[in-house]
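Below is one structure, written out as structure tokens; comments come after it.
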Amino acid sequence: MLDMKLIRENFEETEQRLCSRGGSSYLDGFKELDEKRRALLKEGESLKALRNTVSDEIAKIKDKSQVQDKILEMREVSNRIKVLDEELKQVDEDLNGFLLTVPNLPHLDTPTGLSEHDNVEVRTWGSAPQFSFTAKPHWEIGEELGILDFECGAKLTGARFTLYRGAGARLERALINFMLDLHTGQHGYEEVLPPFLVNRESMTGTGQLPKFEEDLFKTVDPDFFLIPTAEVPVTNIHRSEILKKSDLPICYAAYTPCFRREAGSYGKDTRGLIRQHQFNKVELVKFAHPSESDQELEKLTANAEKVLQLLGLHYRVMLLCSGDIGFSAAKTYDIEVWLPGQSCYREISSCSTFGDFQARRASIRFREEEKSKPEFVHTINGSGLAVGRTLLAVLENYQQEDGSVIVPEVLRPYMGGIERIS
RNA sequence: GGAGAGGUGGCCGAGUGGUUUAAGGCAGCGGUCUUGAAAACCGCCGAGUGUAACAGCUCCGUGAGUUCGAAUCUCACCCUCUCCGCCA
Numbered sequence: 019m020l021d022m023k024l025i026r027e028n029f030e031e032t033e034q035r036l037c038s039r040g041g042s043s044y045l046d047g048f049k050e051l052d053e054k055r056r057a058l059l060k061e062g063e064s065l066k067a068l069r070n071t072v073s074d075e076i077a078k079i080k081d082k083s084q085v086q087d088k089i090l091e092m093r094e095v096s097n098r099i100k101v102l103d104e105e106l107k108q109v110d111e112d113l114n115g116f117l118l119t120v121p122n123l124p125h126l127d128t129p130t131g132l133s134e135h136d137n138v139e140v141r142t143w144g145s146a147p148q149f150s151f152t153a154k155p156h157w158e159i160g161e162e163l164g165i166l167d168f169e170c171g172a173k174l175t176g177a178r179f180t181l182y183r184g185a186g187a188r189l190e191r192a193l194i195n196f197m198l199d200l201h202t203g204q205h206g207y208e209e210v211l212p213p214f215l216v217n218r219e220s221m222t223g224t225g226q227l228p229k230f231e232e233d234l235f236k237t238v239d240p241d242f243f244l245i246p247t248a249e250v251p252v253t254n255i256h257r258s259e260i261l262k263k264s265d266l267p268i269c270y271a272a273y274t275p276c277f278r279r280e281a282g283s284y285g286k287d288t289r290g291l292i293r294q295h296q297f298n299k300v301e302l303v304k305f306a307h308p309s310e311s312d313q314e315l316e317k318l319t320a321n322a323e324k325v326l327q328l329l330g331l332h333y334r335v336m337l338l339c340s341g342d343i344g345f346s347a348a349k350t351y352d353i354e355v356w357l358p359g360q361s362c363y364r365e366i367s368s369c370s371t372f373g374d375f376q377a378r379r380a381s382i383r384f385r386e387e388e389k390s391k392p393e394f395v396h397t398i399n400g401s402g403l404a405v406g407r408t409l410l411a412v413l414e415n416y417q418q419e420d421g422s423v424i425v426p427e428v429l430r431p432y433m434g435g436i437e438r439i440s
């Protein structure tokens with residue numbers, strides 16, 4: 019959520035920066051609602067002040083015959099207040115509902131552009147493996163090895179669900195443990211294991227609601243949502259809290275499955291593990307002091323990259339342009355891993371700073387000084403990494419001519435010493 | 001699922017219709033005293049909104065209601081705890 023004051027006082031500039039996302043207007047209607055709200059507030063508050071003082075007087079008057087006039091007068095004032103409060107409530111809801119649908123301001127570092135074609139390559143690591151044979155896509159490798167059963171996933175649930183078997187299931191679990199151990203052991207994150215279902219408030223805090231309900235799976239009774247990323251429960255750990263400045267940055271690493279409807283992507287990435295309704299992810303989440311959030315994003319991105327480096331997987335880092343960043347994000351790096359079976363780079367991690375956008379929605383604050391007013395923290399998060407996509411990257415990059423797959427050395431301790439899946 | 005108890009500031013906790021501007025305590029901050037510390041004593045000490053700064057207004061789990069006036073009364077809901085039942 020954007021700061022109302024900022025919009026009020028820098029209307030044109032704010033609108034202009036928002037428009038770099040590609041829309042033609044984002045703040046239409048704000049001024050009218052804001053002015054109406056302030057007018058109602060002013061009138062209502064002065065009547066309440068009157069009521070409070072007169073009520074006090076009534077309490078102090080002993081001679082009850084003198085009280086009747088005042089009571090009658092205040093009855094009318096109260097009725098008027100009731101009407102104003104109702105109008106105000108409506109306007110407040112409208113204004114709040116409006117603000118909740120306005121996306122975040124792009125960070126000044128975010129390049130202006132309309133689509134992914136305007137994203138900027140920041141760096142690359144490693145190089146694509148060379149094969150003396152034609153590299154296969156992971157769905158062929160996985161099916162031939164009997165470790166990925168897409169048909170059975172479809173039978174059990176439907177499209178975009180997969181059954182992992184044997185070494186495939188174990189490799190997924192190995193990757194989860196490897197990533198968690200790295201981030202908690204080497205990078206200073208605290209491991210958390212949150213609920214996979216959350217309430218509406220949590221979803222609103224991080225920005226999935228109210229705008230993107232159609233992307234979420236939900237339960238009917240009670241009204242809960244399956245998390246689309248651990249970002250949601252983990253960021254909401256500190257919802258409505260005032261954190262100690264000395265505790266910042268707070269860094270969490272969490273493994274969770276993620277559930278996404280993928281509405282609107284019918285026919286896209288239908289084969290293999292790329293786009294599933296349920297997938298595993300290790301997520302990194304930080305709560306940082308505003309002056310340190312930029313460098314914390316760099317560190318978090320480096321922490322995610324480290325996973326790929328240790329696995330020996332070639333990748334590139336893209337800085338997303340204003341037209342390609344998500345609704346809540348101010349600045350985003352995508353890490354894209356090389357997939358030889360498909361001869362392309364695919365996103366395997368998305369690392370973003372949200373500025374105070376989520377913190378304002380979820381009311382996550384800190385104090386600069388012991389006695390100073392609470393200020394909003396900055397939130398930062400990124401995948402470290404998407405596990406299913408990492409598994410498929412391992413399959414495609416470590417495939418051998420005979421159809422077997424070499425297990426990267428760092429994963430062998432997690433695989434009971436297995437060096438090759440065949 | 002059944003029965004009961006309860007939700008008040010960072011924490012503990014009083015408060016059952018009107019000096020409650022939410023008592024008191026703990027923690028925290030500032031000061032006096034002290035070579036320094038502790039103790040003692042004095043003062044400050046919730047959030048939001050709003051203002052140049054005051055003032056004002058709102059907030060006692062959430063929402064609705066009664067009243068001139070609600071932390072306090074009524075209704076609904078949410079959450080926590082205890083016991084019983086069921087259960088990984």
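If you're matching positions, the first sequence starts at 19 in the working numbering and goes up one per residue. Don't be surprised by glycine CBs; every beta carbon is placed ideally from N, CA and C.
- For Glu-259, the enclosing beta strand (DSSP E) stretches over residues 259 to 261.
- In the same chain as Tyr-182, and ignoring 5 residues on each side of it, the C-beta atoms closer than 7 Å to its own belong to Ile-165, Leu-166 and Glu-190, in chain order.
- With a 10 Å radius around the Cβ and a threshold of 16 neighbouring Cβ atoms, Tyr-44 comes out buried.
- With contacts defined by Cβ atoms closer than 9 Å, Phe-235 and Arg-279 form a contacting pair.
- The C-alpha of Phe-196 is placed about 10 Å away from the C-alpha of Leu-329.
- Ser-367 is bridged by DSSP to Ile-353.
- Beta-bridge pairing by DSSP links Asp-167 to Leu-181.
- Nearest to Gln-34 by C-alpha distance, out of Arg-98, Thr-130 and Glu-91, is Thr-130.
- Sixteen is the threshold: when 16 or more other Cβ atoms of the shown chains lie within 10 Å of the Cβ of Ile-194, as they do, the residue is buried.
- By DSSP's assignment, Ile-398 forms a beta bridge with Lys-304 and Thr-371.
- Ranked by Cα distance from Lys-324, the first of Arg-39, His-205, Gln-86 and Glu-393 is His-205.
- In this structure, the straight-line span from the alpha carbon of Ser-220 to that of Val-252 is close to 10 Å.
- Here Phe-345 is not near Gly-223, since their CB atoms are 9 Å or more apart.
- For Glu-94, the enclosing alpha helix (DSSP H) stretches over residues 85 to 118.
- The three-state secondary structure of Phe-29, taken from DSSP, is helix.
- Three or more Cβ pairs drawn from the stretch 289 to 298 and the stretch 403 to 419 lie within less than 8 Å of each other, which places the two stretches in contact.
- Within the same chain, and ignoring the five residues on either side of Val-216 in sequence, the residues whose Cβ sits closer than 8 Å to its Cβ are Phe-242, Phe-243, Ile-245, Val-250, Pro-251 and Asn-254.
- For Thr-274, the uninterrupted beta strand (DSSP E) segment begins and ends at 268 to 277.
- Between Leu-123 and Phe-375, the C-beta gap is smaller than 9 Å, which places the two residues in contact.
- By the criterion of a C-beta distance shorter than 6 Å, Glu-232 is surrounded in its chain by Ala-281, once the five residues flanking it on both sides are discounted.
- Nearest C-alpha to Glu-31 among Glu-75, Leu-59 and Leu-126: Leu-126.
- Between the alpha carbons of Leu-403 and Tyr-273 lies a gap of roughly 10 Å.
- Going by beta carbons, Ile-382 and Ser-258 fall inside the 9 Å limit.
- Between the alpha carbons of Met-22 and Val-355 lies a gap of roughly 40 Å.
- Of the residues Gly-62, Leu-90 and Thr-128, the one whose Cα lies closest to the Cα of Glu-105 is Gly-62.
- If you ignore the 5 residues before and after Glu-91, its C-beta comes within less than 8 Å of the C-beta of Val-72, all in its own chain and listed in chain order.
- Taking Phe-179 as the centre and dropping the five residues before and after it, the same chain places the C-beta of Gly-171, Ala-172, Gln-294, His-295 and Gln-296 closer than 8 Å to its C-beta, in chain order.
- Under the three-state reduction of DSSP output, Pro-431 falls in the helix class.
- Counted as a single uninterrupted DSSP element, the beta strand (DSSP E) harbouring Ile-382 occupies residues 382 to 385.
- In the structure shown, Thr-142 adopts extended strand secondary structure according to DSSP, grouped into three states.
- In the DSSP annotation of this structure, the continuous segment of the alpha helix (DSSP H) that includes Met-221 starts and ends at 218 to 224.
- Here Glu-134 has Asp-342 as same chain residues with Cβ atoms under 7 Å from its own Cβ, once five neighbours each way along the sequence are excluded.
- Of all alpha-carbon atoms in Glu-314, Leu-357 and Leu-211, the one lying nearest the alpha-carbon of Gly-373 is that of Glu-314.
- For the pair Val-109 and Lys-60, the CB atoms are not nearer than the 9 Å cut-off.
- CA-to-CA, the gap between Ala-377 and Pro-431 works out to about 39 Å.
- Around the C-beta of Tyr-363, 16 or more other C-beta atoms lie within 10 Å, and the residue is accordingly described as buried.
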